[in-house]
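Q:
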Amino acid sequence: MGVVFLRARAVTLLGGRQIRLPLISFRTSRLTLYKPRTLIFVKFRVASQSVKMTESSASKLLNGEACQRALRAKNAGKNGFVKNHCVFEHPRKYRRPAEKNQNATSNSSLYKKPFSESFEETPLLVAVLTYMGYGILTIFGYFRDFLRHWNIEKCHIAHEREQQKDFVPLYQDFENFYTRNLYMRIRDNWNRPICSVPGAKVDLVERVTHNYNWTFEHTGKVVKDVINMGSYNYLGFAENTGACAGAAIETTHTYGVGVASTRCEIGNLDIHEELEQLVARFLGVESSMAFGMGFATNSMNIPALTGKGCLILSDELNHASLVLGARLSGSTIRVFKHNNMQSLEKLLRDAIAHGQPRTHRPWKKILIVVEGIYSMEGSIVRLPEVVALKKRYKAYLYLDEAHSIGALGPNGRGVVDYFGLDPKDVDIMMGTFTKSFGAAGGYIGGRKELIDYLRCHSHSALYATSMSPPVAQQIISSMKIIMGEDGSTLGADRLRQLSENTTYFRRKLREMGFIIYGNDDSPVVPLMLYMPAKIGAFGREMLKRNIGTVVVGFPATPIIESRARFCVSAAHTREMLDTALEAISEVGDLLQLKYSRRGRPLSSLGWSSEESLLQD
Amino acid sequence: MPLGDCWKHLSWFYYQYLLVTALYMLEPWERTVFNSLLISVLGMAVYTGYVFMPQHIMAILHYFEVVQ
């Protein structure tokens, strides 16, 4: 005899109606061991009316209330349609905009200040020339591979020995085509060794290469005082003097450097407990947990939170650690277009309406994974809209604030502070200490039950060595400075300096005529280069002018959209920024990088006089 | 001096050509190969134009009955 447990999940759907989705499970006694489980197909009816969201209902949505709407009886008979009830409307007609402006205008009630992002479209001529450049490089790549294969030229890459030529191949030659033939030629722009603290200015080790970047030699000289526009040093805490460094030295004297165990065994120091309580207070959550490595925080904790039968909705441009964690978890992953709330809403509605792929069972949980600031685009997530969607469709939100914690918001508390939302709305707040705190490691914050669960079930907590004590002390001191608890105004000064530097830098670059992606408030500034030769040329020319920049190409970005990424820091003074801007302008003129086709405020006087002549 | 200016201008144009065609990333001998291929193809096109253009122009003018 079987005992049937009927559990009903109430889901608030469109129109405010509550629909109960029954989950039936059988617990069988010994006599009826092999009774098959019945599959419940969930069908429900939705009325297909078109609904406009008013401003008051949008804000009510933010508070989680269900909206009451009248039903029309004649349309109540349709089955399985899920259209026309979206919170965020699709544009009516397909328009091809001159710039890809992610529509910020329709939901302005959720945003307290204007949300201005821009991703100017690639000019057509530049795109064609970029493809031509890649085509020429590909032809020469094939030619060089041919020469290498027939031993006309010495082969520097890894290959099997003569005796092993008939074995199963160990090195995939074709897949490394890009690395061998394109990346190697401009490899001197990456992995540059640094020999000082990566603050606002840094010292580089000088290298020369005699065989076109296959091997490097150090000349013994050091390039001093290179302005550092590449380090994620948003608040300037990467320094070897000052209160943080002093406290870290004291901690090294007390605890040493190594911990020699995991958190679960005997590596749980009192400094870790102090750090976790401080992080929880900083974020405004109940409890938090710190890990030794930021990448490992994402990739090892998402598998602990979701599994088979769960759905992960992740943004198109999420970081590799989030993608790896999602894949390791074994959940179904669906990708929505970058920062596009219509795409996310469509996925949520389809997921709830259709359930799991073949069985149509409801998903065990739906997890939306977004980042605070996307480091390759410089865009900020539309958090108020994501929170509204999550509340409406009862999903969970995982927010990765790697770049935004400490860098956004009036109090430096990240993107939640920037939009003025409640931290309790975000279920899992994750972040790293690498960027704004000048340390290393990551954290996850949330409710106490979640963190207690993660302490026992996360791979990182069980098997990875815990954070080193001086690093933990660096985080504690820098966090106290940001919060203002050390008694000085250093934290507030740095936050203000960062936002001023960001605004100034972005405005100046836009005025000069470069194409800059991203939100006006994000300290990550991508400057578009497009052509492959300009990637190498930009990096080298900037280094000649004593400015260190990070240039990025394929595969971190789409193939034609290569860029140079500047990270503005609170440690940069106005003079440093001016020097950097002058050099960037010079290099931009030399390399013809000023692609922007928006109107520039200069030379309007000449225009008007010409026009008046023509009218006569 | 105008010759120095001219040389600087030409040098800048050559640099832009190297950047746009991605020859900037190639080794000098590869640049030589590409440049010689390009110049030979362009030279052949110019020579063909020089040889055949008068005939083409006469044919067009004949078609439009400008000359007999």
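Chains R and S, in that order, give the protein sequences.
Quick note on full-length UniProt numbering: the first sequence kicks off at 1 and runs consecutively.
Quick note on full-length UniProt numbering: the second sequence kicks off at 1 and runs consecutively.
Backbone N, C-alpha and C define an ideal beta-carbon position, used for all residues, glycine too.
In angstroms, rounded to a whole number, what distance separates the CA positions of R:Glu586 and R:Phe538?
A: Mapped onto the first sequence, residue 586 of chain R falls at position 586. Mapped onto the first sequence, residue 538 of chain R falls at position 538. Rounded to whole angstroms, R:Glu586 to R:Phe538 spans 11 Å at the Cα level.
Q: Helix or strand or just coil, what does DSSP make of S:His62?
A: As a first step, residue 62 of chain S must be located in the second sequence, where it is residue number 62. S:His62: helix per DSSP, three-state reduction.
Q: If contact means a Cβ-Cβ distance below 8 Å, which residues of the stretch 130-141 of chain R contact chain S?
A: Result list: Met132, Gly133, Tyr134, Ile136, Leu137, Phe140.
Q: Please classify R:Gly548: is it buried, with 16 or more other beta-carbons within 10 angstroms of its beta-carbon, or exposed?
A: Here residue 548 of chain R corresponds to residue number 548 of the first sequence, with the count starting at 1. By the neighbour-count rule (16 or more Cβ atoms within 10 Å), R:Gly548 is buried.
Q: Let me check understanding here. Comparing Cα to Cα, which of R:Leu450, R:Ala583, R:Gly442 lies closest to R:His272?
A: Counting from one through the first sequence, the residue named residue 272 of chain R turns up at place 272. The candidate whose alpha carbon is nearest that of R:His272 is R:Gly442.
Q: For the beta strand (DSSP E) holding R:Met289, just list the boundary residues, first then last.
A: For the purposes of this step, residue 289 of chain R is identified with residue 289 of the first sequence, where counting begins at 1. 287-291 is the span of the beta strand (DSSP E), which, as asked, contains R:Met289.
Q: Near R:Ala580, which residues of its chain fall below 7 Å by C-beta distance, leaving aside the five closest residues on each side in sequence?
A: For the purposes of this step, residue 580 of chain R is taken as the residue at position 580 of the first sequence. Same-chain partners within the cutoff: Ile227, Met229, Ile547.
Q: Quick one: list the residues of chain R neighbouring S:Val20, beta-carbon separation under 7 Å, in chain order.
A: Position 20 of the second sequence, counted from the start, is the residue given in the question as residue 20 of chain S. The answer, in chain order, is Leu129, Gly133, Met531.
Q: With DSSP collapsed to three states, give me the class of S:Phe52.
A: For this step, residue 52 of chain S is matched to residue 52 along the second sequence. Three-state result, S:Phe52: helix.
Q: Taking R:Asn228 as part of the beta strand (DSSP E), name the residues at either end of that continuous run.
A: Here residue 228 of chain R refers to the residue found at position 228 of the first sequence. From DSSP, the beta strand (DSSP E) with R:Asn228 extends over 217-228.
Q: Under the DSSP definition of a beta bridge, which residues are partnered with R:Asn519?
A: Your numbering for residue 519 of chain R matches position 519 in the first sequence. Answer is R:Glu117.
Q: Can you check whether the CB of R:Ser569 is closer than 8 Å to the CB of R:Ala243?
A: The residue given as residue 243 of chain R occupies position 243 in the first sequence. The residue given as residue 569 of chain R occupies position 569 in the first sequence. Not a contact, by the Cβ cut-off of 8 Å.
Q: From this set, R:Arg413, R:Arg447, R:Arg207, which residue's C-alpha is nearest R:Cys287's C-alpha?
A: One-based indexing of the first sequence puts residue 287 of chain R at position 287. It should be noted that the sequence gives Ser, not Cys, for residue 287 of chain R. Closest option to R:Ser287, Cα to Cα, is R:Arg447.
Q: Classify R:Cys567 as buried or exposed, calling it buried when 16 or more other Cβ atoms lie within 10 Å of its own Cβ.
A: Position 567 of the first sequence, counted from the first residue, corresponds to residue 567 of chain R. Counting Cβ neighbours within 10 Å, R:Cys567 comes out buried, since at least 16 surround it.
Q: Are there three or more Cβ pairs, one per stretch, closer than 8 Å when the stretch 459-470 of chain R is compared with the stretch 255-272 of chain R?
A: Taking 8 Å as the limit for Cβ pairs, the verdict is that the stretch 255-272 of chain R does touch the stretch 459-470 of chain R.
Q: Would you list the one or two residues that DSSP bridges to R:Met341?
A: Position 341 of the first sequence, counted from the start, is the residue given in the question as residue 341 of chain R. For R:Met341, which the question treats as bridged, DSSP gives no partner whatsoever.
Q: Apply the 10 Å Cβ neighbour rule to R:Leu305 and answer buried if 16 or more other Cβ atoms are within range, or exposed otherwise.
A: The residue labelled residue 305 of chain R in the question sits at position 305 within the first sequence. Its Cβ being crowded by 16 or more others within 10 Å, R:Leu305 is buried.
Q: Taking the straight line between their C-alpha atoms, what separation do you get for R:Gly378 and R:Ser404?
A: Here residue 378 of chain R refers to the residue found at position 378 of the first sequence. Here residue 404 of chain R refers to the residue found at position 404 of the first sequence. Taking the straight line joining both Cα atoms gives about 10 Å.
Q: Could you tell me the distance, in whole angstroms, from the CA atom of R:Val259 to the CA atom of R:Leu348?
A: Along the first sequence, one-based indexing puts residue 259 of chain R at 259. Along the first sequence, one-based indexing puts residue 348 of chain R at 348. C-alpha separation (whole angstroms): 44 Å.
Q: I'd like to know if the stretch 159-178 of chain R and the stretch 197-215 of chain R are in contact, where contact means that at least 3 CB-CB pairs between them fall below 8 Å.
A: No, because fewer than three Cβ pairs between the stretch 159-178 of chain R and the stretch 197-215 of chain R fall closer than 8 Å, the two stretches do not touch.
Q: R:Phe333 to R:Pro198, Cα distance in whole Å?
A: Translated into the one-based positions of the first sequence, residue 333 of chain R becomes position 333. Translated into the one-based positions of the first sequence, residue 198 of chain R becomes position 198. Before going further, note that residue 333 of chain R is Ile rather than Phe in the sequence given. The alpha-carbon atoms of R:Ile333 and R:Pro198 are separated by roughly 37 Å.
Q: Quick one: any contact between the stretch 117-134 of chain R and the stretch 544-564 of chain R, if contact means 3 or more CB pairs under 8 Å?
A: These segments touch.
Q: In angstroms, rounded to a whole number, what distance separates the CA positions of R:Ser436 and R:Gln592?
A: In the first sequence, the residue the question calls residue 436 of chain R occupies position 436. In the first sequence, the residue the question calls residue 592 of chain R occupies position 592. When rounded, the distance between both Cα atoms is 34 Å.
Q: Let's test the definition: count the other Cβ atoms within 10 Å of the Cβ of R:Val416 and tell me whether it reaches 16, buried, or not, exposed.
A: Here the question's residue 416 of chain R lines up with position 416 in the first sequence. Buried.
Q: Between which two residues does the beta strand (DSSP E) carrying R:Ile428 extend?
A: Reading the first sequence from its first residue, position 428 is the one you call residue 428 of chain R. Counting along the chain, the beta strand (DSSP E) containing R:Ile428 begins and ends at 428-432.
Q: At a Cβ threshold of 8 Å, is R:Arg148 touching chain A?
A: The question asks about chain A, but that chain is absent: this structure's protein chains are R and S.
Q: Hey, R:Ser329 and R:Phe295: beta-carbon distance below 8 Å or not?
A: If you number the first sequence from 1, residue 329 of chain R lands on position 329. If you number the first sequence from 1, residue 295 of chain R lands on position 295. No, these two residues do not count as a Cβ contact at 8 Å.
Q: Name the residues in the stretch 29-50 of chain S whose C-beta lies less than 8 Å from a C-beta of chain R; which are they?
A: So the list reads Glu30, Phe34, given in the order they occur along the chain.
Q: From which residue to which residue does the alpha helix (DSSP H) around residue 621 of chain R run?
A: Coverage of chain R is limited to positions 1 through 616, which leaves residue 621 of chain R absent and any answer about it impossible.
Q: Would you please verify whether the beta carbon of S:His9 is less than 8 Å from any beta carbon of chain R?
A: As a position in the second sequence, residue 9 of chain S is number 9, starting the count at 1. Taking Cβ atoms only, chain R never reaches closer than 8 Å to S:His9, which makes this a no.
Q: On the CB-based measure, 16 or more other CB atoms within 10 Å of its CB, does R:Asp350 come out buried or exposed?
A: Along the first sequence, read from residue 1 onward, the residue named residue 350 of chain R stands at position 350. Under this definition R:Asp350 is an exposed residue.
Q: Return the Cβ separation of R:Phe291 and R:Met479 in integer angstroms, given the expectation that the two are a contact with Cβ distance under 8 Å.
A: Sequence index remark: in the first sequence, residue 291 of chain R carries index 291 (1-based). Sequence index remark: in the first sequence, residue 479 of chain R carries index 479 (1-based). Wrong, their Cβ atoms sit about 16 Å apart, outside the cutoff.
Q: Using beta-carbon positions only, say whether R:Gly588 and R:Met483 come within less than 8 Å of one another.
A: In the first sequence, counting from the first residue as 1, residue 588 of chain R sits at position 588. In the first sequence, counting from the first residue as 1, residue 483 of chain R sits at position 483. The answer is no: Cβ separation not under 8 Å.
Q: Does DSSP put R:Asp203 in a helix, in a strand, or in coil?
A: The count along the first sequence starts at 1 and reaches residue 203 of chain R at position 203. Three-state result, R:Asp203: strand.
Q: Tell me which residues share the same chain as R:Phe433 and place their Cβ nearer than 6 Å to its Cβ, disregarding the 5 neighbours each side in the sequence.
A: Walking along the first sequence from the start, residue 433 of chain R turns up at place 433. For R:Phe433, where only same-chain residues beyond five positions count, the Cβ hits under 6 Å are Ala439, Gly441, Ile475.
Q: I need the boundaries of the alpha helix (DSSP H) containing R:Ser460, first residue and last residue.
A: In the first sequence, the residue the question calls residue 460 of chain R occupies position 460. Residues 459-463.
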